[in-house]
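Structure record follows, encoded as structure tokens.
Residue numbers (this note's numbering), protein chains in the order written: chain S, 1 to 602; chain Y, 603 to 1204.
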């Protein structure tokens, strides 16, 4: 393509709104523009790379026999009611009522759409396993869209779903997907960190996230340098670490006793006052849980809670409260807590709720004698001794508390945030941490959707069965942005050949005379051998052309200048130096470079 | 592809919901399924043909230098407020408020999105002309979605927009688009009727619709057999046809006079009663207009109407009423009327409004002495003589009415529906009519969006100017459905090679032994020469395989049977008879058939 025919508004200035490098370079290289908060338009150059990423994903999905469908983007609300997610998806799902009062959803994901479609089509075990996917527009109403394509409201997702008669079959497709994902990211030139919550054995818990390291990542990754354990801190576990010495380490025979703590506000002040350490303090936080699916019918303080019993999905409590205990220096991990409570969301309860439930102002909650809500204790708490905790009265604490002796939690669970420095649950080595963004996720869903949406097939014995199901997603835009995050320098993007918008740029110093002739000849020779060429035919200074070529990151640049003719300069974007090549040999040489680079990463 | 790997749920039964042949065959051939009213999922086979149509459109857009973008599907409402269409788009536009109370729209079209994007990017005449397009999801909230893909709620549209410094430049792109559209439809194997409201000269009114004939078409086409005039009846004009003889044909000197017409309900009864003909009767209908942009400030009965004056777009009346007169045997065309009234919509007024404005029950409206709303008279009325009309009182009419003498309309315009049998406005020949569906539309927009949305560039003299604009749409799904409407027989679809989901199907009578070997060899030989082959490797009876192959309409079929080996049977889907060909030559022969067919229509 000739550059004069391309709409390529490159920017010299760094746009103020863009804080991450991919966002900056996508804007500066004229690849995207913002239409509104979290809504972007791909310009022609950006779309070329976007389509290449999309096609790599498509090829690898097709290679493992997954079949491409195209459901609508807008889908009826009733299928979300069937699955039970109409209630649990929260405000991130964009809901609409149309002119005939039908509830519609702009798809955030498509378990419902595919289950609804395939339950009418699949009737026999002979049709299974079945693996299907789409690459299509999704919308999630992010409260704080930011980082450009990294966290937009509208985005393109490859989402695949598979249906099986048994776990072995599901695991086979799950493993195929895992391999396909590794290949996709490799072909895109990306270093991904596959993250599993379990020890890394094949076929474990059935969930694997594909992360890229990012300073502004949404995810905190916990990594073991020794055994390779890698987990999102939303799921990471660690080896038990009872307090080894000092306050809180030794069992006491003393009965727990109240102690006046006037004007003591913080844990630090309290520890100074009592000459103890945060490790001996049981921190107790009151949490509000949304849509908990736990059975709280006989739990403390829950008798009068509203409980909803839908027809096809589990009963849930729209709102419930819990006292959550963790060792003083640790943090409660809200994602782990939400999973433990089977809730769609958890948040710290407001002051008035805390006062109502604890009978005291904020700061004096504690598990001893607490009966107005279920007490959830982290594993760390149950290993504590001779501990201090709030006494449910203003300016009063208890000391010499022995968990298990002086209180029995309603539930003991792992709800703490694991951090760098904690010890590996698997091998005991010390964890380190990274921030990361999730590009893909493969997940064994099981029967959640097929049961709630009543998808049935007849097995070999003519008996009705629910298929088991997997789901597998990749964010296309986010993958594109991550490639730029990994491949750039101070001058701009450095595309891997596989996803570069053009393979080669030809820059004549001036587009006239012999330089024009040579540039045109190279352009047509390369184009006809299947190489994607951008010819800079603009009337701009050479410096501007070089800067743009570097900024947009075309992998190979051919400079055609009077001074060098009959030679031309061939330079790789990733290399420092150029090479002089006879113009007559340049097309063949460059075509070989492109071909080799493309072959290397397939 | 092997059929056992493809998800291809063909149906023997004709689905009851499907009344048009494309809808029936899309369902029966396992190409689409309905998710909800007007919302469809493409299955793998359907998606293959869909993508081919999409790519033909893409290639022809690229060939005329239009640049592909990808805006978001969900767009902010504020750009629709800027253009003024937030108010005028009506309930067909899907509007949403998101969690932070931002107004959003699921794009029904994208003039606003592109104008908004490009006004920030285009600053100089040097950047113009600029032609851009997308192929993307659209949503229009059809009240009665039907006919499958012909009138769905969600659909894919290719929509292009062009921006120019002058009319000649706009006309050049407009003509390029017209040629590209003809080529696109030709490549898709479609016979389209290009429909213009003007005489057909180049560069006329700047609007051309590309129609396909359809029994259930949305559009009534008016066609001239002599000069080729073709117009949508929403726009068609005809030659003047004053009443030639009999009642209503001769001027009268009598003054108009009231005449009692007790118990006369219909025009026919009235004509019998007065011994006259509908051609002498002035039919007067009270219409309600929505968002009329006419200036009604000094029009009869309009003084107290609410008038809205937005900042960047024309003033309009949310609601106004008109008395519309037309010769008794003719019909008012509501689209022409809406255009005349510059209204987004018109509808017959309710009974209570009619009574309020005419001072009588429904049935006695007339233009004589009517002062409570503006009177709009069709051209036909002004050529009438000695006519009859309602007298604004129960059971009373006027006779001997002379238009122009006894009443003067506020506006005279062409608002009647033109019909087969009317005479060509261009050459006087008699029109015939067809029903059609619009597949594409090219349109010179002018300054509507660039002015209301304040898109400006600097011209050669450094002066700020608004660019003039064109828009150009093609419905992708509707094009696909129309191909099936035109190419089918009693056994199923008969795909043109260019858009067939597969070029060739190989049907072994049994997939075993020598038949399997031959089928596999043909499959791999054809596949490796770039032919798209579907191999029916299922354990089904030959009859089932033949029926499916015909139903899904693959253009060439190779049957491999024991009886014929070492020959195989090659049959075109469109032909009656098969031909025996040595298996060793079949691949080359069939590849040539495919290649020739593809070359013929490019």
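Glycine is no exception: its CB is placed at the ideal position from the N, C-alpha and C atoms.
Scanning its chain for C-beta atoms nearer than 7 Å, with the 5 sequence neighbours on each side dropped, one finds around residue 842 of chain Y the residues 981 and 985, in chain order. For residue 813 of chain Y, the secondary structure class from DSSP, reduced to helix, strand or coil, is strand.
Using beta-carbon distances, residue 671 of chain Y counts as an interface residue toward chain S, with a partner under 8 Å. Residue pairing from DSSP places residue 1026 of chain Y in a beta bridge opposite Y/840.
For residue 5 of chain S, at least one C-beta of chain Y is nearer than 8 Å to its own C-beta. Taking a C-beta cut-off of 8 Å against chain Y, none of the residues of the stretch 479-502 of chain S qualify.
Checking the DSSP bridge columns, you'll see residue 133 of chain S partnered with S/68 and S/160. Nearest to residue 1055 of chain Y by alpha-carbon distance, out of Y/789, Y/715 and Y/1123, is Y/715. Residue 82 of chain S is classed as buried because its beta carbon has at least 16 other beta carbons within 10 Å across all chains shown.
For residue 516 of chain S, the secondary structure class from DSSP, reduced to helix, strand or coil, is helix. When Y/891, Y/857 and Y/1173 are compared, the shortest CA-CA separation from residue 1000 of chain Y is found for Y/857.
For residue 163 of chain S, no chain Y residue has a C-beta closer than 8 Å to its own C-beta; the minimum C-beta separation is roughly 11 Å. In the DSSP assignment, residue 701 of chain Y falls outside any beta strand (DSSP E) and carries neither an H nor an E. Counting the other CB atoms within 10 Å of its CB gives residue 374 of chain S a total of 16 or more, which places it among the buried residues.
About 5 Å separates the Cβ atoms of residue 631 of chain Y and residue 1153 of chain Y, confirming a contact at the 8 Å cut-off. Using a Cβ-Cβ distance cut-off of 8 Å, the stretch 460-471 of chain S and the stretch 419-438 of chain S are not in contact, since fewer than three pairs of beta carbons, one from each stretch, lie closer than that value. For residue 1011 of chain Y and residue 943 of chain Y, the gap between their C-alpha atoms comes out near 14 Å. Residue pairing by DSSP places residue 1032 of chain Y opposite Y/1025 in a beta bridge.
For residue 635 of chain Y, DSSP records a beta bridge to Y/643. The stretch 1073-1087 of chain Y makes contact with the stretch 650-657 of chain Y; the number of CB pairs closer than 8 Å reaches 3 or more. Proximity of chain Y to residue 44 of chain S at the Cβ level (cut-off 9 Å) is accounted for by 669, 670, 671 and 734, in chain order.
Ranked by Cα distance from residue 617 of chain Y, the options Y/820, Y/839, Y/635 and Y/604 are led by Y/635. Taking 8 Å as the cut-off, the beta carbon of residue 73 of chain S is found closer than this to the beta carbon of residue 107 of chain S. With 16 or more neighbouring CB atoms inside 10 Å of its own CB, residue 548 of chain S falls in the buried class. The three-state secondary structure of residue 680 of chain Y, taken from DSSP, is helix. Between residue 414 of chain S and the set S/575, S/425 and S/214, the nearest pair of CA atoms involves S/425. Close to chain Y, meaning a Cβ-Cβ distance shorter than 9 Å, is no residue of the stretch 553-581 of chain S at all. Of Y/941, Y/891 and Y/679, the smallest CA-CA separation from residue 951 of chain Y is found for Y/891. Residues of chain S whose Cβ lies closer than 7 Å to the Cβ of residue 700 of chain Y are, in chain order, 94 and 141. Put simply, the CB of residue 172 of chain S is far from chain Y, with every gap to its CB atoms at 8 Å or more. Boundaries of the alpha helix (DSSP H) harbouring residue 1146 of chain Y: 1144-1154, taken from the DSSP string.
Using a C-beta cut-off of 8 Å, the stretch 781-791 of chain Y makes no contact with the stretch 1106-1119 of chain Y, since fewer than three inter-stretch Cβ pairs fall below that distance.
For residue 1071 of chain Y, the enclosing beta strand (DSSP E) stretches over residues 1070-1077. Here residue 192 of chain S has 185, 210, 211, 212 and 439 as same chain residues with Cβ atoms under 7 Å from its own Cβ, once five neighbours each way along the sequence are excluded. Considering only beta carbons, the part of the stretch 628-644 of chain Y lying closer than 8 Å to chain S consists of 635, 637, 638, 639, 641, 642, 643 and 644, in chain order. Considering only S/173, S/297 and S/39, the residue with the shortest C-alpha distance to residue 150 of chain S is S/39.
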